[in-house]
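S.K.: This structure is in structure tokens; I'll ask about it shortly.
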Amino acid sequence: MKQSVIFFFVSLFLLTPCYAMPNLWHIQQKNSSIYLFGSIHVGNPSMYPLSQQIETAFFESDKLVVEADISGSGALAAISWLLLNGVNPLHKTLDDLLTTKTLALLKKTLKQHKLSYDTVKTLKPWIIAMQLTGLSFMMEDSRPELGVDIHFLLKAHQQHKSILELESIAEQFALFENFDLKTQEQFLFGTLQDLQSDEHQLNQMISYWKSGDSRGLSKIVLDEFEKNKQETNEVEKVLYNSLFLNRNKKMAQKIDELLHAGGRYFVVVGAAHFLGKESILHFLEQKGIQIEQVEEINLNHNNTGN
0 MKQSVIFFFV
10 SLFLLTPCYA
20 MPNLWHIQQK
30 NSSIYLFGSI
40 HVGNPSMYPL
50 SQQIETAFFE
60 SDKLVVEADI
70 SGSGALAAIS
80 WLLLNGVNPL
90 HKTLDDLLTT
100 KTLALLKKTL
110 KQHKLSYDTV
120 KTLKPWIIAM
130 QLTGLSFMME
140 DSRPELGVDI
150 HFLLKAHQQH
160 KSILELESIA
170 EQFALFENFD
180 LKTQEQFLFG
190 TLQDLQSDEH
200 QLNQMISYWK
210 SGDSRGLSKI
220 VLDEFEKNKQ
230 ETNEVEKVLY
240 NSLFLNRNKK
250 MAQKIDELLH
260 AGGRYFVVVG
270 AAHFLGKESI
280 LHFLEQKGIQ
290 IEQVEEINLN
300 HNNTGN
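Under numbering that gives the first Met the number 0, think of the first position of the sequence shown as 0, with each following residue one higher.
Structure (structure tokens):
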């Protein structure tokens, strides 16, 4: 399973778009305008500048809505949470918790990255998976600070736009924290397998994202989840339901609430949440909400006040 892409997954002055319109939708009702933009949480310089249409949609919105605000105090809160909660309880190490198979693959992967096992042996399995994923992305010349979320969070601060959250950093960490040891180990093992495989290609995912190839993105992110849902792998089902299905339902509900509250919003959510049969788009449409996928058109709709 493509565990490693789960976590992760510039200018108004361009006269023409760089790419076909990727991952941008619009909802227009009486007193509301909401743009939905599917992002990648880490990026590289090839992703920028974004098209004028995407930047204009953001510029014309009064509020930025993200999964979790990871700028400023949000980042400090994340670090504090990890320091307080990232260590295994009762002074246990991974030698006590992991199977021989997972432990051997972990040590092999750490050695390949020139990391010491002693520096991570007291950490929870899901946190190690996060750390190794981030490290592998940086080795592919991709960095969190070039992610689309950060791009718009920085612009929102510069333009004094309000920032709203669909979730919070604490909620996102709680998803993994609530996994039992079996699920955490499966998550770590899947991540380690990806890191050993040639299939781990963030650059390919970015290429699909830039060209608006939702089928290509889905193949990387969701296809194996969909396959395992039809089988008896209960751990895979737990991961899918926790990381995608349940969150998609909750985020769709919050977007619906924004729609009824009125105003102009630019919503940035990981692109994976707009893919598949149980996406945010699906749950919004179930509520009778009409959604327009933005093509090569003028985004300067009649704006509504806020």
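The beta carbon of each residue, even a glycine, is placed where N, CA and C say it ideally should be. Bear in mind the structure is a predicted one, so any value in this text is a computation, not a measurement.
#1: Is residue 116 helix, strand or coil when you go by DSSP?
#2: Using a threshold of 8 Å, state whether the C-beta atoms of residue 128 and residue 186 are closer than that.
#3: Evaluate contact between the stretch 58 to 66 and the stretch 90 to 104, counting only Cβ atoms and requiring at least three cross-stretch pairs below 8 Å.
#4: Out of curiosity, what's the CA-to-CA distance linking residue 253 and residue 142?
#5: Using the beta-carbon count (16 or more within 10 Å), is residue 287 buried or exposed?
#6: Do you know how far the Cα of residue 234 is from the Cα of residue 157?
#7: On the CB-based measure, 16 or more other CB atoms within 10 Å of its CB, does residue 285 come out buried or exposed?
#8: Hey, quick one: how far does the alpha helix (DSSP H) through residue 285 stretch, first residue to last?
#9: Taking 8 Å as the cut-off, decide whether the C-beta atoms of residue 191 and residue 96 are in contact.
#10: So which of 44, 210, 280 and 163 has the shortest CA-CA distance to residue 244?
#11: In chain order, what residues of the same chain have a beta carbon less than 6 Å from the beta carbon of residue 175, not counting five sequence neighbours either side?
#12: Helix, strand or coil for residue 262, going by three-state DSSP, please let me know.
#13: Could you name the residues that DSSP lists as bridge partners for residue 24?
#14: Are there 16 or more other CB atoms within 10 angstroms of the CB of residue 107, so buried, or fewer, so exposed?
#15: Pull up the distance between the alpha-carbon of residue 123 and that of residue 77, whole angstroms please.
#16: Please look up how many angstroms separate the CB atoms of residue 151 and residue 273, rounded, as I've assumed it's under 8 Å.
#17: Let's see if you can read the secondary structure: which residues bound the alpha helix (DSSP H) around residue 45?
#18: Given that a residue counts as buried once 16 or more other Cβ atoms are within 10 Å of its Cβ, and exposed if not, what is residue 214?
#19: Report back the beta-carbon spacing between residue 168 and residue 67 to the nearest angstrom; my notes put them in contact at under 8 Å.
#20: Return yes when the Cβ of residue 148 is within less than 8 Å of the Cβ of residue 50, no when it is not.
#21: If contacts are defined as beta-carbon pairs under 8 Å, then residue 80 and residue 293 qualify, I think. What distance do you get, rounded to the angstrom?
#22: Does DSSP put residue 162 in a helix, in a strand, or in coil?
#23: Whole angstroms are fine: how far does the CA of residue 43 sit from the CA of residue 172?
#24: Which one of 132, 267, 257 and 265 has the shortest CA to CA distance from residue 30?
#25: Relative to the alpha-carbon of residue 278, which residue among 35, 28 and 27 has its alpha-carbon at the smallest distance?
#26: Please report the distance separating the alpha-carbon of residue 32 from that of residue 209.
#27: For residue 116, collect the residues of the same chain with a Cβ closer than 6 Å to its Cβ; drop the 5 residues on either side in sequence, then sort them by chain order.
#28: Are residue 135 and residue 216 touching if we call contact CB-CB under 8 Å?
#29: If you follow the alpha helix (DSSP H) that residue 109 is in, where does it begin and where does it stop?
#30: Tell me the DSSP secondary structure of residue 187 in three-state form.
#31: Residue 202: buried (16+ other C-beta within 10 angstroms of its C-beta) or exposed?
#32: Just reading off the beta strand (DSSP E) that residue 65 is part of, what are its end residues?
M.R.: Put simply:
#1: By 1-based counting over the sequence shown, the position of residue 116 is 117. Residue state, collapsed to three classes: helix.
#2: As a first step, residue 128 must be located in the sequence shown, where it is residue number 129. As a first step, residue 186 must be located in the sequence shown, where it is residue number 187. Yes; because the gap between Cβ atoms is below 8 Å, this pair is in contact.
#3: The stretch 58 to 66 vs the stretch 90 to 104: no contact.
#4: Within the sequence shown, residue 253 is the residue found at index 254, counting from 1. Within the sequence shown, residue 142 is the residue found at index 143, counting from 1. Rounded to the nearest angstrom, the two C-alpha atoms are 29 Å apart.
#5: As a first step, residue 287 is located in the sequence shown; it is residue number 288 there, counting from the start. Result: exposed.
#6: Within the sequence shown, the letter at position 158 stands for residue 157. Within the sequence shown, the letter at position 235 stands for residue 234. A direct Cα-to-Cα measurement between residue 157 and residue 234 gives close to 43 Å.
#7: Start at 1 with the first residue of the sequence shown, and residue 285 comes out as number 286. Looking at its Cβ environment, which holds fewer than 16 other Cβ atoms inside 10 Å, residue 285 is exposed.
#8: Position 286 of the sequence shown, counted from the start, is the residue given in the question as residue 285. Secondary structure note for residue 285: its alpha helix (DSSP H) is the uninterrupted segment 279 to 285.
#9: Indexing the sequence shown from 1 puts residue 191 at position 192. Indexing the sequence shown from 1 puts residue 96 at position 97. Judged by beta-carbon spacing, residue 96 lies beyond the 8 Å limit of residue 191, meaning their Cβ atoms are not closer than that value.
#10: For this step, residue 244 is matched to residue 245 along the sequence shown. Selected option, being the one with the closest Cα: 280.
#11: Locating residue 175 in the sequence shown gives position 176, where the first residue counts as 1. Around residue 175, the same chain offers 125 as residues with beta carbons nearer than 6 Å, after the five sequence neighbours per side are excluded.
#12: Counted from its first residue, the sequence shown places residue 262 at position 263. Secondary structure of residue 262 (DSSP, three-state): strand.
#13: Counting from one through the sequence shown, the residue named residue 24 turns up at place 25. Bridge partners of residue 24: 35 and 292.
#14: Your numbering for residue 107 matches position 108 in the sequence shown. By the neighbour-count rule (16 or more Cβ atoms within 10 Å), residue 107 is not buried but exposed.
#15: Here residue 123 refers to the residue found at position 124 when the sequence shown is read from its first residue. Here residue 77 refers to the residue found at position 78 when the sequence shown is read from its first residue. Taking C-alpha positions only, residue 123 is separated from residue 77 by approximately 15 Å.
#16: Reading the sequence shown from its first residue, position 152 is the one you call residue 151. Reading the sequence shown from its first residue, position 274 is the one you call residue 273. So it is not a contact: roughly 16 Å between Cβ atoms.
#17: The sequence position of residue 45 within the sequence shown is 46, counting from 1. Residue 45 -> no alpha helix (DSSP H), and no H or E assigned at all.
#18: Counting from 1 along the sequence shown, the entry for residue 214 is found at position 215. It counts as exposed.
#19: Numbered from its first residue, the sequence shown carries residue 168 at position 169. Numbered from its first residue, the sequence shown carries residue 67 at position 68. About 5 Å separates the two Cβ atoms, so the contact holds.
#20: Residue mapping note: residue 50 aligns to position 51 of the sequence shown, counting from 1. Residue mapping note: residue 148 aligns to position 149 of the sequence shown, counting from 1. Not closer than 8 Å, so no.
#21: The sequence position of residue 80 within the sequence shown is 81, counting from 1. The sequence position of residue 293 within the sequence shown is 294, counting from 1. Your pair residue 80 and residue 293 does not check out as a contact, with CB atoms roughly 36 Å apart and the cut at 8 Å.
#22: Numbered from 1 along the sequence shown, position 163 holds the residue referred to as residue 162. In the structure shown, residue 162 sits in a strand (DSSP, three-state: E or B).
#23: Residue numbering aside, residue 172 sits at position 173 when the sequence shown is read from its first letter. Residue numbering aside, residue 43 sits at position 44 when the sequence shown is read from its first letter. Their backbone Cα atoms lie some 25 Å apart in a straight line.
#24: Looking up residue 30 in the sequence shown gives position 31. Nearest C-alpha to residue 30 among 132, 267, 257 and 265: 257.
#25: On the sequence shown, position 279 is the one that residue 278 refers to. Of the listed residues, the one whose Cα sits closest to residue 278 is 35.
#26: Here residue 32 refers to the residue found at position 33 when the sequence shown is read from its first residue. Here residue 209 refers to the residue found at position 210 when the sequence shown is read from its first residue. Roughly 24 Å between the two C-alpha positions.
#27: Numbered from its first residue, the sequence shown carries residue 116 at position 117. Excluding sequence neighbours, residue 116 sits near 106 and 109.
#28: Here residue 135 corresponds to residue number 136 of the sequence shown, with the count starting at 1. Here residue 216 corresponds to residue number 217 of the sequence shown, with the count starting at 1. No, the pair does not count as a contact, with Cβ atoms beyond the cut-off.
#29: For the purposes of this step, residue 109 is identified with residue 110 of the sequence shown, where counting begins at 1. Following the DSSP letters along the chain, one finds residue 109 inside the alpha helix (DSSP H) bounded by residues 99 to 111.
#30: Counted from its first residue, the sequence shown places residue 187 at position 188. Residue 187 falls in the helix class under three-state DSSP.
#31: What you label residue 202 is simply residue 203 of the sequence shown in a count that begins at 1. When all chains shown are included, residue 202 counts as exposed.
#32: Translated into the one-based positions of the sequence shown, residue 65 becomes position 66. Counting along the chain, the beta strand (DSSP E) containing residue 65 begins and ends at 62 to 65.
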